[in-house]
Amino acid sequence: MQKTLQATAIAFGCASVSFLHMNAQTQNTEKKQPNIIFILSDDHAYQAIGAYGNKIAQTPNIDRIANEGALLTTNLVANSISGPSRACLLTGKYSHMNGFKENEKDDFDMNQLLFTDVLKQSGYQTAWIGKMHLGSLPRGLDFWSVLPGQGHYYNPDFICQPNDTVRFDGYVSDVVTDLSLDWIKKRESSKPFFLVIGHKATHRQWLPDLQDLGAYDDINFPLPENFYDNYEGREAASKQDMSIEKTLDLKRDLKVHGDYVNHPSYNRFTDEQKKIFQNYYEDKITREFDDKNLSGKELTEWKFQRYLKDYYAVANSMDRNIGRVLDYLDENNLADNTVIIYTSDQGFYMGEHGWFDKRFIYEESLKTPFVIRYPNVIKAGTRNDNLISNIDWAPTVLDIAGAKIPDEIQGESFLPLLAKPKINTKWRDASYYHYYEFPEPHHVFPHFGIRTERYKIVKFYGGVDNWELYDLKTDPQEMCNLINNPEYKGIVTELKKKLKDQILKYKDYEALEILDKSK
Ligand code: CA
């Protein structure tokens, strides 16, 4: 409780503290603990969501959550890859503290304190359904049913308690939602519940639900202004392997002349599904590709269009399924006492800098969507611009639950910022980031840095050894590395000091050693 009380005492004074932050026991008697549904997708970019300003994407249900609650404009991740982000959620700590730094090398140690343990102690039933992908089976939850690894889009297997693999017919976003609603129906209704709905969407290789194939084929997506980035002054960016031009694979990713027979998902299709899939990708898309006989920029731009068309189509099913959850809450008189959150494990490039994938501290992968509806506490249409981090997700959920936030959690609850936006709550002025996974799969050099309201300073290491500085006010696309610009000398000194303060605050001693050795 100490942390929450300190933060809110500054913000509200003690009178309001008693309203928002009663301990669980008091809250049970005075205010019912709300149910909490945490919908976590995979690689869903904020720039591909209507509520974040996209005019093409069909995301009415994510938009509905945002309109009926709050939208965070600057929700940043601590380490922009999937497993590590989920580990940040579970622990409320940075990767160097929870031990899960890289998807490829690490398995998450489930035997550490998880925020779901605290929820359970506070009287919640807890469940995680869908994608988890942490290399370990879930621990300490009342119920779980998770996709093995990355999972399949069609007719997916699930690992069900205690450790059985079961195949379910259907499209993964539907199945995850079916299982989730089924669990809500069967839960013990005398207790509040916390449920993570973990979506596989919108992860590579973007196999849409058959009903959504071609949903965006009439759209000509605008190329991002910096699609043809030449990476001048940014050595790490120039050495990545995640470009639409070179890395995105025609066969594997875009299903052109697809090696269907050997595709692990294709082999799970029914004959009817095979026919529809083949009609679309072989008879329509591959034929179009062959007819055009593309090369150079035309080929790259065609790949960009196909990438976005499939990606957006995959998101259609997920959004529709979020709508099913919202409808279920309405129809079962649960909407008023259920907090619903939608977020993604990190951001994603939709052609900015010529890329897909994530990893870099640059805006599109650093920032991830986050919308929350909390009736009677968060006013409809709330917008928040504070520097929120995904290490704050766990303590915020605990705060909503009226549970004690353990001292070892590094994040802070941002509930006060949303519930009482007019009060000038003290909040961080820099958000710390550290990425590790190198060289596979996308050859992005490890780096750490901070994002402030206006600036970003980054230290790359492990093969390149340099600094980058961006002024987001004058250069929101992060094209101009200002680190050696004499006009910014004072800013650089100030930001390096701030970076060191953050490193010390969060006890990232590996980064400290690199920082102390660098110029
Ligand atoms: Ca991800």
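Just add 65 to wherever you are in the sequence shown, counting from 1, and you've got this note's numbering. C-beta: ideal position from N, C-alpha, C; glycine also.
query	result
Going by beta carbon distance, what residues of the same chain come within less than 8 angstroms of K316, once the five residues before and after it are set aside?	H322, G323, D324
Would you check whether ligand 1 has a heavy atom nearer than 6 angstroms to the C-beta of D410?	yes
Just to check, is the beta-carbon of S147 closer than 6 angstroms to a non-hydrogen atom of ligand 1?	yes
Which same chain residues, not among the five before or five after K423, have their C-beta less than 6 angstroms away from its C-beta?	S145, Q411, F413, S430
Check each candidate in V523, V529, R516 and name the one with the smallest Cα separation from P504.	V529
Taking the straight line between their C-alpha atoms, what separation do you get for Q575 and H161?	In the sequence on display, residue 575 carries Glu and not Gln. Roughly 8 angstroms separates the two Cα atoms.
Expressed to the nearest angstrom, what Euclidean distance is found between the alpha-carbon atoms of I437 and E428?	21 angstroms
Quick check: the stretch 151-168 against the stretch 455-474, are there 3 or more CB pairs under 8 angstroms?	yes
Under 6 angstroms from any heavy atom of ligand 1, does the C-beta of D277 make it?	no
Which ranges does the beta strand (DSSP E) cover as unbroken runs of at least 3 residues, wholly within the stretch 403-463, from first to last along the chain?	403-409, 435-438, 447-449
Measuring straight from C-alpha to C-alpha, what distance separates P221 and K265?	10 angstroms
At what residues does the alpha helix (DSSP H) containing E601 begin and finish?	The chain is shown only over 66 to 584; residue 601 falls outside these bounds and no answer can be derived.
What runs of the beta strand (DSSP E), each 3 residues or longer, lie entirely inside the stretch 325-370?	none
Can you look up K565 in the DSSP assignment and give me helix, strand or coil?	helix
With a CB to CB cut of under 8 angstroms and the five nearest residues on each side skipped, what residues in its chain are close to Y159?	A143, N144, C153, I456, Q475, Y497, H499, Y571, D573
Compute every distance between the C-beta of D294 and the non-hydrogen atoms of ligand 1, then say whether any falls below 6 angstroms.	no
Who are the Cβ neighbours of G200 in its own chain at under 8 angstroms, not counting the five residues just before and after it?	G148, D171, D172, F173
Just curious, the alpha helix (DSSP H) that A302 is in, first and last residue?	300-303
Roughly how many whole angstroms lie between the Cα atoms of G195 and R232?	13 angstroms
So is T433 buried or exposed if we call it buried at 16+ other beta carbons inside 10 Å?	buried
For I281 and K374, which I take to be in contact (beta-carbon distance under 8 angstroms), what is that distance rounded to the nearest angstrom?	Note that residue 281 is Tyr in the sequence shown, not Ile. Y281 to K374, Cβ: 4 angstroms. Contact.
Enumerate, from N- to C-terminal direction, the unbroken beta strand (DSSP E) stretches of 3 or more residues contained entirely within the stretch 213-290.	222-225, 229-232, 258-263
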